[in-house]
Amino acid sequence: MRNPKSTTVLTAIFVLLLTLPTVAQTIDSKKSRIEFSVSNMGFRTVEGTMRGMRGTVRFDPDNIQNASFNVCVDPATVDTDNNTRDKHLRGKKFFEVEKHPTICFTSEKIKRTDNGLVASGKLTMHGITKAVKIPFQHKGKTLTGTIKILRSDYKLGPSGGMMVGKTVTVKIICVGN
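Quick note: numbering that gives the first Met the number 0 has the sequence shown finishing at residue 176, numbered continuously throughout.
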């Protein structure tokens, strides 16, 4: 016959273990990156990357209720394989990297869907914070997500969509150490 006190203690320990935060992983900034693509002049696509990702990721696929992301990237690292364009993107009409040196995402909730997982949270870019949902997948220590953003939401570049498309597709590849 079991002692009711020992059953209560075991139950309390089990509940405590379930609610402990998932171990935080630092980000491998050499392997992690942002990839983006946007229409240019309506007939071609410009692709680029940003590096310098840093922050912490708490993620255990078996314990997503305690998962969290706090991730930033350095927009000064923008690279489209065109130095003139990259300098323009770092300047006043786009990222203003001296005034806004980071682009950050902080999760508020992670949930499972039929297609994987979705991180809901706040994306701060160019001094503007918006609520976003980023669908993502995980494989080992790598999290990969894709989101489409409107440039106008973050006041990036001219408001018209003739030269630069209105929508930017952003792929996040975050690798934990």
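Even glycine gets a Cβ: it sits at the ideal position worked out from N, Cα and C.
Worksheet entry | Complete runs of the alpha helix (DSSP H) confined to the stretch 82-151 [at least 4 residues] | With a minimum length of 4 residues, the continuous alpha helix (DSSP H) runs that stay inside the stretch 82-151 are 82-89.
Discussion item. Can you check which of these residues, LYS98, ILE133, GLU46, VAL174, is closest to GLY126 by C-alpha distance?
Written reply: LYS98
Fill in: Contact the stretch 50-70 vs the stretch 82-92: 3+ CB pairs below 8 Å
no
Fill in: Identified DSSP bridge partners for ARG191
In the structure displayed, the chain extends from 0 to 176; residue 191 sits before or after that span and is not available.
Worksheet item: Which of helix, strand or coil does DSSP assign to ALA66?
Response: coil
Discussion item. With a threshold of 8 Å on Cβ separation, who are the neighbours of THR112 within its own chain once the five nearest residues in sequence on each side are excluded?
Written reply: PRO134
Worksheet item: Can you name, in chain order, every residue of its own chain whose Cβ lies under 8 Å from the Cβ of SER28, other than the five neighbours on each side?
Response: ARG50, GLY51, MET52, ARG53
Discussion item. Excluding the 5 residues flanking LYS170 on each side, which residues of the same chain have their C-beta closer than 6 Å to its C-beta?
Written reply: GLU34, THR145
Discussion item. Just to confirm my understanding: we take THR55, look at its own chain, exclude 5 residues before and 5 after, and list those with CB closer than 6 Å. What are they?
Written reply: ALA23, ASN69
Item to complete: Quick one: grab the DSSP three-state call for THR79.
Response: The three-state secondary structure of THR79, taken from DSSP, is coil.
Worksheet item: For GLY115, is the classification buried or exposed, using 16 other Cβ atoms within 10 angstroms of its Cβ as the cut-off for buried?
Response: exposed
Fill in: Under 8 Å between C-beta atoms of LEU149 and THR166
yes
Worksheet item: Would THR48 pass as a contact of VAL37 if the rule is Cβ separation under 8 Å?
Response: no
Worksheet item: In whole angstroms, what is the alpha-carbon distance linking VAL117 and VAL96?
Response: 29 Å
Worksheet item: If you draw a straight line from the C-alpha of GLU46 to the C-alpha of LYS121, how long is it?
Response: 24 Å
Fill in: Where PHE42 falls, given that 16 or more other Cβ within 10 Å makes a residue buried
exposed
Worksheet item: What are the residues that DSSP puts in a beta bridge with GLY175?
Response: DSSP, once it has assigned bridges, lists ILE26 as partnering GLY175.
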